[in-house]
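Asker: Line order of the protein sequences matches chains A and B. Each residue of the first sequence is one higher than the one before, starting from 1 at the first, in the working numbering. Each residue of the second sequence is one higher than the one before, starting from 1001 at the first, in the working numbering.
Protein chains: 2
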Amino acid sequence: MKTEKISELTTNRLSVYLRCLNELAASGVEAVSSKTMAEQFNLNSAQIRKDLAYFGEFGVRGVGYNVEELRRQLIEILGLTVKRKVAIVGLGNLGTALANYHGFSQGNFEVVGLFDDDPAKLGNRTRAGLRIQSTQALTDAIRREGIEIVVIAVPANAAERVLEQVTEAGVRAVLNFAPVHLAAKPGVKVKNVDLTISLESLSYFLANPSSEAINIVDREFLRHEAAAGAAK
Amino acid sequence: MKTEKISELTTNRLSVYLRCLNELAASGVEAVSSKTMAEQFNLNSAQIRKDLAYFGEFGVRGVGYNVEELRRQLIEILGLTVKRKVAIVGLGNLGTALANYHGFSQGNFEVVGLFDDDPAKLGNRTRAGLRIQSTQALTDAIRREGIEIVVIAVPANAAERVLEQVTEAGVRAVLNFAPVHLAAKPGVKVKNVDLTISLESLSYFLANPSSEAINIVDREFLRHEAAAGAAK
DNA sequence: GAGTGTGAAGTGATTCACAGCT
DNA sequence: AGCTGTGAATCACTTCACACTC
């Protein structure tokens, strides 16, 4: 076990390993080797071992990893032992979608607040029965409810302002769907999901079929897309 | 100008540059330097110059880049001169959201088909007035309408099957929202958007505040998340 | 024999630094 | 003087290969 800095590429892969272990556990499999897991996502087995070794010695030489135990360890490492409260800001099409999206409220993340500027939307409810509130109530709600993650689904020009407001209120984790680069303060993490980049990347590929270079495509599985930029 | 292999990290950044140039053009700015652009997304100016230099010599030494011309060039490079037809498969919460999502149908991408297996959904219409069709009609529609991009928004266990079907029908670009690693055939590009990984990544950060290492966060802006794995 | 944990080597991406053009 | 284009240097990530344990 080392105490180096952990790359986000590594932690992203931990999520994937966890998913894999969940399935194995559900099928009653008790042990698994890095090689077996590696084959599932064309990844190198050494990479899996290395990723895990950053956090401890979870395996048994000659045997492999105990599925249940490794699963518990990953849950612990990823901080999934506690439920995180989530607020969604911006209830346009995408925000509304996310509010109704099951995988979102499911499991370890619970959407507890919806906020929008548009007076016409106030009071509307999503399928889950949550009421849309004014963004003026956001700061209060974050503090009162202990909201840890904010999803920004507002137009690009409003995103920076929302980030400032929620950072001010003490939020340190933000999932940003607005197509802008947000400059986060140190200590605040912004993950970006940029559908335009994804689509244009596909467009590039369609326009330049030669870019298909098989070995590259392969290796690019699981690089992460975009993480925040702290100022300076 | 080189003819090396272009990394997806580079093409993702091209999208960002284009966005920036669109704004500059809208504000009437005529020329811009790599340094100015770099400051906007805390990126290194050499990286911008290098990214662009893969495709040609667009700048003028001592002066910078002409906004309009570089914009045109990027549009050309990214294949955004033609409109790409898009189909969405899986009209659950997320798929429906995407179908109604404006940024999607806007600009260079046009959603022309919605497909779902659930008989109860058939015939339903989205805001834009599109009818949901059976997935049995998918293969036909792809060929008839010239659909180039398919968005997969079905549950994890159905995603692989959809990928096979649309690949079979000739689609070479796929945007996958299902939380699984899809093994694409060579020549087919799959971009993954995995909200679970994003959320768990934020959870990891909340659970391990020490992971905040400022210089790393900075550098991680704009790495891409996950691209397909071709078999083998 | 099988499979982990890990230094060392290899590969790829970013940044530096500067020659060369305007 | 200012800014591009690019080889060289640096840095980060992945893969190899093997000592070690069960």
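Idealized CB from N, CA, C, for every residue including glycine.
1) Which one of B:Phe1115, B:Ile1006, B:Val1016, B:Lys1005 has the shortest CA to CA distance from Leu195 of chain A?
2) Under the assumption that Glu148 of chain A contacts Lys85 of chain A (Cβ atoms under 8 Å), give the Cβ distance between them as a whole number of angstroms.
3) Where Val1151 of chain B and Val1174 of chain B are concerned, what is the direct C-alpha to C-alpha distance, given to the nearest angstrom?
4) Can you give me the start and stop residues for the beta strand (DSSP E) that Leu1114 of chain B sits inside?
5) Buried or exposed, going by whether 16 or more other CB atoms sit within 10 Å of the CB of Ser1027 of chain B?
6) Counting only beta-carbon separations shorter than 7 Å, does Ala1169 of chain B have a partner in chain A?
7) For Thr198 of chain A versus Leu1080 of chain B, is the C-beta distance shorter than 7 Å?
8) Should Asn208 of chain A and Asn192 of chain A be called a contact, given that it needs their Cβ atoms to be closer than 7 Å?
9) With 16 other CB atoms within 10 Å as the buried threshold, where does Glu220 of chain A fall?
10) Express the C-alpha separation of Thr11 of chain A and Gln1040 of chain B in angstroms, rounding to a whole number.
11) By the three-class DSSP mapping on this structure, what secondary structure does Ala1128 of chain B have?
12) Determine, using beta carbons only, whether Ala31 of chain A and Asn66 of chain A come nearer to each other than 7 Å.
13) Residues of the stretch 1108-1127 of chain B in Cβ contact with chain A at a cutoff of 7 Å, in chain order, please.
14) Who are the neighbours of Asn1012 of chain B on chain A, taking C-beta pairs under 7 Å?
15) Can you tell me whether Gln133 of chain A is buried or exposed, with buried defined as 16 or more other CB within 10 angstroms of its CB?
16) Would a C-beta distance cut-off of 7 Å place Ala1159 of chain B and Val1180 of chain B closer than the cut-off?
17) Please determine if the stretch 1090-1104 of chain B and the stretch 89-98 of chain A are in contact, where contact requires at least 3 C-beta pairs separated by less than 8 Å.
18) Pull up the DSSP beta-bridge partners for Ala173 of chain A, would you.
19) Residue range of the alpha helix (DSSP H) that Arg72 of chain A falls in?
20) Under the three-state reduction of DSSP, which class applies to Val82 of chain A: helix, strand or coil?
21) Per DSSP, what are the beta-bridge partners of Gln133 of chain A in this structure?
22) For Gly59 of chain A, list the residues DSSP reports as bridge partners.
23) Among B:Ala1099, B:Asp1117, B:Ala1120, which one has its Cα closest to the Cα of Val1111 of chain B?
24) Can you pull the DSSP bridge partners for Val89 of chain A?
Answerer: So, to answer that:
1) B:Val1016
2) Rounded, the Cβ-Cβ distance is 6 Å, consistent with contact.
3) 6 Å
4) 1109-1116
5) exposed
6) Interface flag for Ala1169 of chain B against chain A is unset, since no Cβ pair is found closer than 7 Å.
7) Correcting the residue type first, residue 198 of chain A is Ser in the shown sequence and not Thr. No, the Cβ-Cβ distance between Ser198 of chain A and Leu1080 of chain B is not below 7 Å.
8) Annotated as distal: Asn208 of chain A and Asn192 of chain A, with beta-carbon spacing of 7 Å or more.
9) Note that Glu220 of chain A scores a pLDDT of 47, beneath 50, so its modelled location is shaky; the value from the coordinates is reported in the next line. Buried, by the Cβ-count rule.
10) Each residue's Cα considered, the two are about 27 Å apart.
11) coil
12) yes
13) Asn1108, Phe1109
14) Ile197, Ser201
15) buried
16) yes
17) The stretch 1090-1104 of chain B is in contact with the stretch 89-98 of chain A.
18) A:Ile149, A:Lys189
19) 67-77
20) coil
21) Under DSSP, Gln133 of chain A shares a beta bridge with A:Phe115.
22) Paired residue(s): A:Tyr65.
23) B:Ala1099
24) A:Phe115, A:Ile152
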